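Enquirer: Structure provided below as structure tokens; questions to follow.
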Amino acid sequence: MIRFENVTKAFKQNEVIKNLSFEIQDGEMVVLVGPSGCGKTTTLKMINKLTSPTSGRILIDDQDIAKLDTVKLRRRIGYVIQKTGLFPHMTVKDNIEIILQIEGIDAAKREHITSEMMRIVGMDPEAYLYRYPSQLSGGQLQRIGVARAFASDPKIVLMDEPFSALDPITRAQLQSELVGLQTRLKKTVVFVTHDMDEAIKIADRICILDGGRIVQYDTPENILKNPANEYISDFVGRKRIWNIPELIRVRDIMLINPVSCTRNTTLSECAELLGANEINALPVTDGENRLIGIVYGADLQKQSDRTGLVGEIMKTEFPTTAPEKNLLEILGFIRERQLDFVPVVDEENRLIGLITSKNLMTVLSQQFVDTEGER
Ligand SMILES: Nc1ncnc2c1ncn2[C@@H]1O[C@H](COP(=O)(O)OP(=O)(O)O)[C@@H](O)[C@H]1O
Ligand SMILES: [Mg+2]
């Protein structure tokens, strides 16, 4: 775990980091994002002691890094920057292996690790091991930079705008590869960018900085849904969440407190409820609001005698969904199963909401109307 405790940093009289306190958990990818000059690089450089705080402490696994040996500390921390920092006179192989060599790892093992890392970042070792940096494209250089940072198996990897100079397609590829790499290797990654799209795509948590202060530190989902202030909502773009349907949950769009009946509701009452609410099915619950069935309007139509009870005609086999499901999943589910009515239940099978094809249409179309209106 990395912990900043009341960290400030001043260059002469100019305080650029202002009383920063936050934590990064092991195995987490945290993205520091904010406009140019807000203090991202300075924050990152304090973690590997390329610069030191004016006051406050930084702890790694509860140890104050000011008291740790700088060289040993840096060996445990991979570092990737925009201009990869590869040594031009060394081959790709030697560049990746440099820390492993310093650590005295034997040649066979080094080569094994290097080839493995190259494959992970999408570079064929056969073709590239003995090339020099000047013989590689920008994207390939950054891939090697990433391979080098992860090769010595550090606990922490710091990345300062590593993909900013790349074309959008290469950049998107490297972002996906980094996410894959991180999922496999479970490093603690601190990644700096000024690009909110990049942050949303790769971060477990995003730390938004402005003027040397944290303005919000949360998951991409929560930042998109509840931007802490005007600055952030402008920064993330008001409608951006609608561009990422994975972030819209059933609980955000379901009808809450849906009408329901019990097994002892009479069919005539049930027919009235259906008509009054303009729905064609009704959830049936027990005394504790647990979902036990659905009564369909179509089945009700077939009953000439309306004095019977719901319990006699309700269906007890039916699809349900959970509040955490996302918009894409629920749309797929509804299309595949040809549903127009899906009750939403919690872990204890309690009825908490309802998704109908009509309310989905309303939710989706409203977004288009709003967006049009804003233009
Ligand atoms: N070595 C330095 N000497 C003086 N001022 C610096 C130095 N490094 C950074 N700064 C200043 O600190 C502020 C934050 O810089 P930096 O951390 O590089 O921002 P970012 O990475 O977010 O663009 C800027 O105003 C910058 O000019
Ligand atoms: Mg910077």
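Residue numbering for the sequence shown follows this note's numbering, beginning at 7 and increasing consecutively. Positions of the beta carbon are idealized from the N, C-alpha and C atoms, including for glycine. Note that the structure is predicted; figures quoted are calculated from it, not measured.
Between residue 376 and residue 361, what straight-line distance do the alpha-carbon atoms span, to the nearest angstrom?
Expert: Any reading at residue 376 must be qualified, since the residue scores a pLDDT of 46, below 50, and its modelled position is unreliable; no value is offered.
Enquirer: Less than 7 Å between the CB of residue 216 and some heavy atom of ligand 2, yes or no?
Expert: no
Enquirer: Using the Cα positions of residue 350 and residue 260, report the straight-line distance between them to the nearest angstrom.
Expert: 8 Å
Enquirer: Taking all protein chains shown into account, do 16 or more other C-beta atoms lie within 10 angstroms of the C-beta of residue 152, making it buried, or fewer, making it exposed?
Expert: buried
Enquirer: Could you tell me whether any non-hydrogen atom of ligand 2 is closer than 7 Å to the CB of residue 335?
Expert: no
Enquirer: Quick one: grab the DSSP three-state call for residue 158.
Expert: Here residue 158 sits in coil by DSSP.
Enquirer: What residues are listed by DSSP as bridge partners for residue 63?
Expert: 11
Enquirer: My understanding is that residue 164 touches residue 83, with C-beta atoms under 8 Å, so please give their C-beta distance in whole angstroms.
Expert: 6 Å
Enquirer: Check each residue's C-beta against every heavy atom of ligand 1 and list, in chain order, those closer than 5 Å.
Expert: 17, 22, 42, 43, 44, 45, 46, 47 and 48
Enquirer: What three-state label does DSSP hand residue 174 in the structure shown?
Expert: helix
Enquirer: Where does residue 89 sit, in a helix, a strand or coil, going by DSSP?
Expert: In this structure, DSSP gives residue 89 a state outside helix and strand, which the three-state scheme calls coil.
Enquirer: Using the Cα positions of residue 305 and residue 257, report the straight-line distance between them to the nearest angstrom.
Expert: 29 Å
Enquirer: Based on Cα-Cα distance, which residue from 217, 218, 219 and 206 lies nearest to residue 230?
Expert: 206
Enquirer: At the level of alpha carbons, what is the spacing between residue 23 and residue 55?
Expert: 15 Å
Enquirer: According to DSSP, is residue 181 helix, strand or coil?
Expert: helix
Enquirer: By Cβ distance below 8 Å, which residues in the same chain neighbour residue 94 in space, the five residues on each side in sequence not counted?
Expert: 138, 139 and 140
Enquirer: Applying the criterion that 16 or more other CB atoms from any shown protein chain within 10 Å of the CB defines a buried residue, is residue 110 buried or exposed?
Expert: Exposed.
Enquirer: Which residue from 13, 36 and 45 puts its Cα closest to that of residue 218?
Expert: 45
Enquirer: Taking 7 Å as the cut-off, is the beta-carbon of residue 258 closer than that to any non-hydrogen atom of ligand 2?
Expert: no
Enquirer: Between the stretch 116-132 and the stretch 58-69, can you find at least three pairs of beta-carbon atoms closer than 8 Å?
Expert: no
Enquirer: Compare the C-alpha of residue 341 against each of 225, 325 and 185 and name the closest.
Expert: 325
Enquirer: Would DSSP call residue 31 helix, strand or coil?
Expert: coil
Enquirer: Does ligand 2 have even one heavy atom less than 7 Å from the beta-carbon of residue 11?
Expert: no
Enquirer: Can you give me the C-alpha to C-alpha distance between residue 298 and residue 348, rounded to a whole angstrom?
Expert: 14 Å
Enquirer: Kindly indicate which three-state DSSP category residue 229 falls into: helix, strand or coil?
Expert: Residue 229 falls in the helix class under three-state DSSP.
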